[in-house]
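Peer 1: Be aware that the sequence shown starts at 1, since it is given in the UniProt record's numbering, and climbs by one per residue.
Don't be surprised by glycine CBs; every beta carbon is placed ideally from N, CA and C.
Submitted below is the structure of interest, expressed as structure tokens.
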Amino acid sequence: MANEEDDPIIQEIDVFLARSLLEKLYLFQYPIRPASMTYDDVTHLSAKIKPKQQKVELEMAIDTLNPNYCRSKGEQIALNVDGTCTDETSTYSSKLMDKQTFCSSQAASNVSRYAAAVYKKGELHLTPLHGILQLRPSFTYLDKADAKHREREAANEGGDSSQDEAEDDVKQITVRFSRPETEQARQRRVQSYEFLQKRQAEEHWVHLQYYGLKDSRSEHERQYLFSQGHGLAENTELIKSPSEYLMMLMPPSVEEENDKPMAPSNVLSMAQLRTLPLADQIKILMKNVKVMPFANLMSLLGSGTDSTAVLRCVQQVALLVQGNWVVKSDVLYPKDTSSPYSGVPAEVLCRGRDFVMWKFTQDRWVVRKEVAAVTKLCPEDVKDFLEHMSVARINKGWEFMLPYDEDFVKKHPDIVQRQQMLWMGIQAKLEKVYNLLKDHSAPKKQEAQSAHPLVVSGEQRVNMAKAKVQQNYEQLEKELQRQKAELKSNDTAPKTDVPSIHIKEEPMGAEEPMDTSAFEGLNNGLVNGLHGAEGSTDPVNGHLPAGCIDRVAQELKAFVSSTFKKQFVLTLSELKRLFNLHLASLPPGHTLFSGISDKMLQDMVLDTGCKQILVPFPPQTAASPDELKVYALWEAGDTYDQHRQVLLEIFSRNYRVRRNVIQSQLSQECGEDLNKQEVDRVLK
Numbered sequence: 001m002a003n004e005e006d007d008p009i010i011q012e013i014d015v016f017l018a019r020s021l022l023e024k025l026y027l028f029q030y031p032i033r034p035a036s037m038t039y040d041d042v043t044h045l046s047a048k049i050k051p052k053q054q055k056v057e058l059e060m061a062i063d064t065l066n067p068n069y070c071r072s073k074g075e076q077i078a079l080n081v082d083g084t085c086t087d088e089t090s091t092y093s094s095k096l097m098d099k100q101t102f103c104s105s106q107a108a109s110n111v112s113r114y115a116a117a118v119y120k121k122g123e124l125h126l127t128p129l130h131g132i133l134q135l136r137p138s139f140t141y142l143d144k145a146d147a148k149h150r151e152r153e154a155a156n157e158g159g160d161s162s163q164d165e166a167e168d169d170v171k172q173i174t175v176r177f178s179r180p181e182t183e184q185a186r187q188r189r190v191q192s193y194e195f196l197q198k199r200q201a202e203e204h205w206v207h208l209q210y211y212g213l214k215d216s217r218s219e220h221e222r223q224y225l226f227s228q229g230h231g232l233a234e235n236t237e238l239i240k241s242p243s244e245y246l247m248m249l250m251p252p253s254v255e256e257e258n259d260k261p262m263a264p265s266n267v268l269s270m271a272q273l274r275t276l277p278l279a280d281q282i283k284i285l286m287k288n289v290k291v292m293p294f295a296n297l298m299s300l301l302g303s304g305t306d307s308t309a310v311l312r313c314v315q316q317v318a319l320l321v322q323g324n325w326v327v328k329s330d331v332l333y334p335k336d337t338s339s340p341y342s343g344v345p346a347e348v349l350c351r352g353r354d355f356v357m358w359k360f361t362q363d364r365w366v367v368r369k370e371v372a373a374v375t376k377l378c379p380e381d382v383k384d385f386l387e388h389m390s391v392a393r394i395n396k397g398w399e400f401m402l403p404y405d406e407d408f409v410k411k412h413p414d415i416v417q418r419q420q421m422l423w424m425g426i427q428a429k430l431e432k433v434y435n436l437l438k439d440h441s442a443p444k445k446q447e448a449q450s451a452h453p454l455v456v457s458g459e460q461r462v463n464m465a466k467a468k469v470q471q472n473y474e475q476l477e478k479e480l481q482r483q484k485a486e487l488k489s490n491d492t493a494p495k496t497d498v499p500s501i502h503i504k505e506e507p508m509g510a511e512e513p514m515d516t517s518a519f520e521g522l523n524n525g526l527v528n529g530l531h532g533a534e535g536s537t538d539p540v541n542g543h544l545p546a547g548c549i550d551r552v553a554q555e556l557k558a559f560v561s562s563t564f565k566k567q568f569v570l571t572l573s574e575l576k577r578l579f580n581l582h583l584a585s586l587p588p589g590h591t592l593f594s595g596i597s598d599k600m601l602q603d604m605v606l607d608t609g610c611k612q613i614l615v616p617f618p619p620q621t622a623a624s625p626d627e628l629k630v631y632a633l634w635e636a637g638d639t640y641d642q643h644r645q646v647l648l649e650i651f652s653r654n655y656r657v658r659r660n661v662i663q664s665q666l667s668q669e670c671g672e673d674l675n676k677q678e679v680d681r682v683l684k
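Below, the structure written as structure tokens:
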């Protein structure tokens, strides 16, 4: 009461509700106006609207005579968008960027509590707003400039291509017939983002006439913001009790379901999730996440949740794999559903996914081809199974997504035993359905499921490697001294082969980390996987007796000659790859194992009649230095030597050349007209 006495009422204002513009009045929120933009310009402005979407596009004029306007930038933008020619399709007919387009977006989904107010002669007139739209600059002219640039490039490339080249562009196509669309697939398609975008694009624009602020039509429309009659009969909505009046001013912030944006099917807010029963919460979480440790599941369910109840519920919708919970197949593929890729019924999909889950209980790695061969499902379905619970690794297969949860296994041995019994039943069913062999279904040595999984940190790996080096150091040193003594005793016989050092190779256990640093001191000079150091006198570091060097050179020359007679043109990277494959096919103790460096390999290429072609590759190329070194056989002794040399000269000037240019150059340099078959033979 004291506060009310200190804040007396100084004036009472009558409030009227205007209905003339009901469901027609929009509020436009413009961005900050640049100095060269005139929002109230009448002659240079157009507008259009999509009523259903409440989407508006306005075209505003830019004052090009304003001192703040950069004329050079405006000319450059107009040139990029329209090019040099101007016609009726041009965006900027004045060859200047003299206008700007603004597109709208809804600022609020529920505008029922907003109104436009006009105060006049002690009266406040309110008109409810139908929408609030925020206008932002549109940059579609940049897309138009990019499209024109691509068209010009395509025209230039297409103009130089020959008719023969066009005939070669014939490609084989595959015709597929779509299956009948199921009701579930149709619902997913209708709710997809692409379908909604297509629906929105189909609505036609309605062009509007814009009237300025001082136009007589605007003055006339502005009168509709005032209530047309001041009688009580027309303003009964404002004659309410205080509580009803407050409810009208501040309605509950509960939007109707049709006003809420359509959320994806796999999105659920945590606030909505907490209102569901515990079993439903766990089912929804597992269905969306698919693979989850028990600790993460407990953290998502919130504090105070009983872990015993969670364990009881999670076993109904998930199975234990490597200490983690994986959602059951029948939860993802309910009855009477089918695969969106192949149309296979849910029962077959559940069997195939159960097989993948069972394989992960045996090992951390699964091969996709093996799963496809056993389940006989299409590659898309198999990939879908694997992506649910694993990650693809190059040249290895698919690895289970999460590490082995040893903590859960130790804390809940009864749950683990119960899950093992379930998996034994699933295994028996899979063996019967897929006719699995004994060796196929026998469990492997489970490094992931063991009590001590293979988890070795980097520091532990280094310490183990150092210990192994220390243990073998004396043995290696004695072996090296013995080899040096034998080398000195055989100095008088240069033709004798130097015996290589043989290091005992012991099989590495499944749980033993790979020792990568035991021979670090010996591998410092390796090039191409072989010794290439030049500062040492012992055979380990690359120096050999003269007779052995001659034999190495002969073998290397034979390999290079035979390779270039087959390939003609090779990069250094590809040549090194072929050389390593050649080494892998040789027996142990071969002379080529004595040490070949990159320099020796390149020198031998040049000695065998090949030349390095300095192809001017673009500077922004992502190729490695070895891929940029190109070598070609200059003379092969056949009738096409001259043609090849002309072709190589052409590529030494440009890394990309058109076919018609090559054909004309060959005809000009060789003095004869080559037909298409001969040009193809030279190019190949």
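Can you check whether the CB of residue 352 is closer than 7 Å to the CB of residue 405?
Peer 2: No. Outside cutoff.
Peer 1: Between residue 291 and residue 389, how many whole angstroms is the CB-CB distance? I'm expecting something under 8 Å.
Peer 2: Between residue 389 and residue 291 the Cβ distance is about 5 Å, and since that is below 8 Å, they are a contact.
Peer 1: Give the DSSP-derived three-state secondary structure of residue 638 in the structure shown.
Peer 2: Looking at residue 638 - three-state DSSP - the assignment turns out to be coil, as it is neither helix nor strand.
Peer 1: What three-state label does DSSP hand residue 292 in the structure shown?
Peer 2: Of the three classes helix, strand and coil, the one that applies to residue 292 here is strand, per DSSP.
Peer 1: Would a C-beta distance cut-off of 7 Å place residue 117 and residue 126 closer than the cut-off?
Peer 2: Yes, the pair counts as a contact, with Cβ atoms nearer than the cut-off.
Peer 1: Quick check on residue 388: does DSSP put it in helix, strand or coil?
Peer 2: The answer is helix: DSSP assigns residue 388 an H, G or I state.
Peer 1: Out of 57, 418 and 428, state which residue places its alpha-carbon closest to the alpha-carbon of residue 136.
Peer 2: Here the closest residue by C-alpha is 57.
Peer 1: Between the alpha carbons of residue 359 and residue 366, how many angstroms are there, rounded?
Peer 2: One C-alpha to the other measures close to 7 Å.
Peer 1: Under the three-state reduction of DSSP, which class applies to residue 685: helix, strand or coil?
Peer 2: This structure gives no information on residue 685, because the portion of the chain shown stretches from 1 to 684.
Peer 1: Assuming the contact rule is C-beta atoms closer than 8 Å, residue 614 and residue 564 should be a hit. Round their C-beta distance to whole Å, please.
Peer 2: Rounded, the Cβ-Cβ distance is 18 Å, inconsistent with contact.
Peer 1: At 3 residues or longer, what runs of the beta strand (DSSP E) sit wholly inside the stretch 109 to 167?
Peer 2: Counting whole runs of 3 or more residues, the stretch 109 to 167 contains the beta strand (DSSP E) stretches 115 to 120, 123 to 128 and 131 to 137.
Peer 1: What is the DSSP secondary structure of residue 623, counted as helix, strand or coil?
Peer 2: Residue state, collapsed to three classes: coil.
Peer 1: When DSSP builds the beta bridges, which residues end up paired with residue 48?
Peer 2: Per DSSP, 57 and 207.
Peer 1: Is the beta carbon of residue 82 less than 7 Å from the beta carbon of residue 72?
Peer 2: No, Cβ-Cβ distance for residue 82 and residue 72 is not below 7 Å.
Peer 1: Using a Cβ-Cβ cutoff of less than 6 Å, which residues in the same chain neighbour residue 506 once the five nearest sequence positions on both sides are dropped?
Peer 2: Note that residue 506 scores 40 on pLDDT, short of 50, meaning its location in the model is unreliable; the coordinates nonetheless yield the value given after this. None.
Peer 1: Name the DSSP bridge partner or partners of residue 14?
Peer 2: 123, per the DSSP bridge assignment.
Peer 1: Determine whether the beta carbon atoms of residue 148 and residue 104 lie at a separation below 7 Å.
Peer 2: Their beta carbons are not under 7 Å apart, which means residue 148 does not touch residue 104 by this criterion.
Peer 1: What first and last residue would you give for the beta strand (DSSP E) that runs through residue 631?
Peer 2: That run of the beta strand (DSSP E) goes 630 to 633.
Peer 1: Going by beta carbon distance, what residues of the same chain come within less than 7 Å of residue 654, once the five residues before and after it are set aside?
Peer 2: 616, listed in sequence order.
Peer 1: In the DSSP assignment, what residue or residues form a beta bridge with residue 365?
Peer 2: Its beta-bridge partners are 399.
Peer 1: What would DSSP say about residue 319, mapped onto helix, strand or coil?
Peer 2: Residue state, collapsed to three classes: strand.
Peer 1: Please state whether the Cβ-Cβ distance between residue 326 and residue 332 is less than 7 Å.
Peer 2: No, the pair does not count as a contact, with Cβ atoms beyond the cut-off.
Peer 1: Determine the burial state of residue 285: buried for a count of at least 16 other Cβ atoms within 10 Å of its Cβ, exposed for fewer.
Peer 2: So residue 285 counts as buried.
Peer 1: With distances taken from CA atoms, which of 110, 640 and 611 is nearest residue 677?
Peer 2: The shortest C-alpha separation from residue 677 is found at 640.
Peer 1: Buried or exposed: where does residue 644 fall if 16 or more other Cβ atoms within 10 Å of its Cβ makes it buried?
Peer 2: It is buried - the Cβ of residue 644 has at least 16 other Cβ atoms within 10 Å.
Peer 1: Considering only heavy atoms of the ligand NAP, does any lie closer than 6 Å to the CB of residue 564?
Peer 2: Absent from the structure shown: the ligand NAP. Ligands present: none.
Peer 1: Classify residue 242 as helix, strand or coil using the three-state DSSP reduction.
Peer 2: Of the three classes helix, strand and coil, the one that applies to residue 242 here is helix, per DSSP.
Peer 1: In the DSSP assignment, find the beta strand (DSSP E) that holds residue 613 and state where it starts and stops.
Peer 2: From DSSP, the beta strand (DSSP E) with residue 613 extends over 610 to 613.
Peer 1: Taking three-plus beta-carbon pairs below 8 Å as touching, is the stretch 180 to 197 in contact with the stretch 17 to 37?
Peer 2: Counting Cβ pairs under 8 Å, fewer than three are found: no touch.
Peer 1: Exposed or buried, which one is residue 364 when buried takes at least 16 other CB atoms within 10 Å?
Peer 2: So residue 364 counts as buried.
Peer 1: Buried or exposed: residue 328, going by 16 or more other Cβ atoms within 10 Å of its Cβ?
Peer 2: With 16 or more other Cβ atoms within 10 Å, it is buried.
Peer 1: Applying the 10 Å Cβ sphere with the 16-neighbour rule, what's the burial state of residue 683?
Peer 2: Classification of residue 683: exposed, given that the 10 Å Cβ count is below 16.
Peer 1: Consult DSSP for residue 33 and reduce its assignment to one of helix, strand or coil.
Peer 2: Of the three classes helix, strand and coil, the one that applies to residue 33 here is coil, per DSSP.
Peer 1: Identify, in the order they occur along the chain, each residue of the same chain with its Cβ nearer than 6 Å to the Cβ of residue 7, setting aside the five sequence neighbours on each side.
Peer 2: No residues qualify anywhere along the chain.
Peer 1: Distance, Cα to Cα, residue 492 vs residue 623?
Peer 2: Reliability fails at residue 492, whose pLDDT of 46 lies under 50, so the model's placement of it is uncertain and the value that follows must be treated cautiously. Whole-angstrom Cα-Cα distance: 48 Å.
Peer 1: Just to check my reading of the structure: residue 120 and residue 62 have Cβ atoms closer than 8 Å, yes? What is that Cβ distance to the nearest angstrom?
Peer 2: Not confirmed; about 35 Å, so no contact.
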